[in-house]
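Engineer: Take a look at the following structure, please.
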Amino acid sequence: MTPEPAPSVSQLLSFYLEAGVDCALSEEPINRLAEPDRPADFKTAAPARDVNPSRPTETAPTPPAAPLSEPPPAPDAVIASARETARTASSLEILRDLLEKFDGCALKSTATRLVFADGNPTARIMFVGEAPGRDEDIEGLPFVGRSGKLLDRMIASIGLDRTKVYIANVIPWRPPGNRTPTPQETQICLPFIQRQIELVDPDILVTLGNPSTQTLLATREGIMKTRGRWLSYDTGTRTIRAMATFHPAYLLRSPSYKRLSWQDLRAIAKALSQSAS
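Position one of the sequence shown corresponds to residue 0 (numbering that gives the first Met the number 0), numbered consecutively onward.
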């Protein structure tokens, strides 16, 4: 391939004029991408010092060290503190106030508000889920979103409503983005829901979904094996009949399991009627 001929002077001048170059600033071209020359003593030059031997050399004062922030308490210490705090509550009102002031769970700082409970605190039946969602976080009440509306229909099917049941969660603050609570967060909040159950003292405890069932009923079996069976919940002073069933949010995703949930509800209604007679 024949190389293109070099441009003539007149062609270069025409190109510069078209590009807007109409004057020369120096005799020699300047490479703007090259690093500028530095004085030879630029790196080695040191600030002038007073070397008069007749007076001692002054040194600059050492700045004070920044104060060290206290390390966060160990998880075991926080859990122990939660147990001690919950144990002091002699009523649901006091327990709620203690939770409002409790700073041991990081979820409190990301949630909008505390979601303590809803319903009748003297009810014979108590429902416990895992944690609040977005709607619950906004309103400060458990089960008020889509899953809450389904729960209302579920309890209505056995002749109950929120004035005749008590509803709470293991975790009283919404995890960010509705993520699953960590085991540490669950263990920190566990003493409070345990004390809540003790103070309500229901005849029947219903755990909604796998997380609350495994946490409260001390089982590692999945919800498919635990649901529909009568288990026991020990408060330390008495034993409460307990049954696990599907969480309403799971039933919204898997409506085919509503039939099994209806069987669980019928068994719960039968036990309520038998204990009342």
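Virtual Cβ for every residue (Gly too), placed ideally from N, Cα, C.
(1) Please report the residue range of the beta strand (DSSP E) in which W261 lies.
(2) Taking DSSP as the reference, what is the three-state secondary structure of A167?
(3) Where does the unbroken beta strand (DSSP E) through A243 begin, and where does it stop?
(4) Can you look up Q10 in the DSSP assignment and give me helix, strand or coil?
(5) Measure the CB-CB distance between F126 and I157 and report whether it falls below 9 Å.
(6) Pick from Q273, I203 and I137: whose alpha carbon is nearest that of I240?
(7) Quick test of your reading: M242 and I222, contact by CB under 8 Å. State the CB separation rounded to the nearest angstrom.
(8) On a Cα-Cα basis, can you pick out the residue from Y232, P74, T234 and D263 that is closest to H246?
(9) Leaving aside the five residues before and after V50 along the sequence, list all residues of the same chain whose C-beta is less than 7 Å from its C-beta, in chain order.
(10) Taking DSSP as the reference, what is the three-state secondary structure of I203?
(11) In this structure, does DSSP put S90 in helix, strand or coil?
(12) Touching or not, the region 86-97 and the region 137-146, by the rule of three or more beta carbon pairs under 8 Å?
(13) Could you check whether G118 and P165 sit closer than 9 Å to each other, using their CB atoms as the reference points?
(14) Quick one: using the 10 Å Cβ neighbour count with 16 as the cut-off for buried, is R152 buried or exposed?
(15) Between the C-alpha atoms of R145 and L215, what's the straight-line distance to the nearest angstrom?
(16) Just reading off the alpha helix (DSSP H) that G176 is part of, what are its end residues?
(17) Could you give the DSSP three-state label for Y102: helix, strand or coil?
(18) Using DSSP with H/G/I as helix, E/B as strand and the rest coil, what is F126?
(19) Whose CA, out of Q193, G235, T212 and Q183, lies closest to the CA of G103?
(20) Whose C-beta lies closer than 8 Å to the C-beta of R219 among residues of the same chain, with five residues either side of it excluded?
(21) Quick check: what's the CA-CA separation for V277 versus T234?
(22) Here's the rule: buried if 16 or more other CB atoms are within 10 angstroms of the residue's CB, otherwise exposed. What is Q10?
(23) Identify which residue in Y249, T244 and I137 has its Cα closest to the Cα of T206.
(24) Look at the alpha carbon of L159 and the alpha carbon of L150, and state the distance between them as a whole number of angstroms.
(25) Excluding five sequence neighbours on each side, which residues of the same chain lie with their C-beta closer than 6 Å to the C-beta of L271?
Structural biologist: If we stick to the structure as given:
(1) For W261, no beta strand (DSSP E) segment is defined; the enclosing uninterrupted segment is the alpha helix (DSSP H) at K257 to A275.
(2) strand
(3) T238 to T244
(4) helix
(5) no
(6) A small fix is needed here, since residue 240 is Arg in this sequence, not Ile. It is I203 whose Cα lies nearest to the Cα of R240.
(7) The pair is not a contact, with the Cβ atoms about 11 Å apart (cut-off 8 Å).
(8) D263
(9) Note that V50 scores 48 on pLDDT, short of 50, meaning its location in the model is unreliable and no value can be drawn from it.
(10) strand
(11) coil
(12) no
(13) Note on residue identity: the sequence assigns Tyr, not Pro, to residue 165. Yes, these two residues count as a Cβ contact at 9 Å.
(14) exposed
(15) 24 Å
(16) Element bounds for G176: n/a, residue is neither H nor E.
(17) According to the sequence shown, residue 102 is Asp rather than Tyr. Residue state for D102 is assigned as coil, using DSSP reduced to three classes.
(18) In this structure, F126 counts as strand in the three-state DSSP scheme.
(19) Q183
(20) Excluding sequence neighbours, R219 sits near Q213.
(21) Within the shown structure, residues of the chain are numbered from 0 to 276, placing residue 277 beyond reach of any answer.
(22) exposed
(23) T244
(24) 11 Å
(25) none
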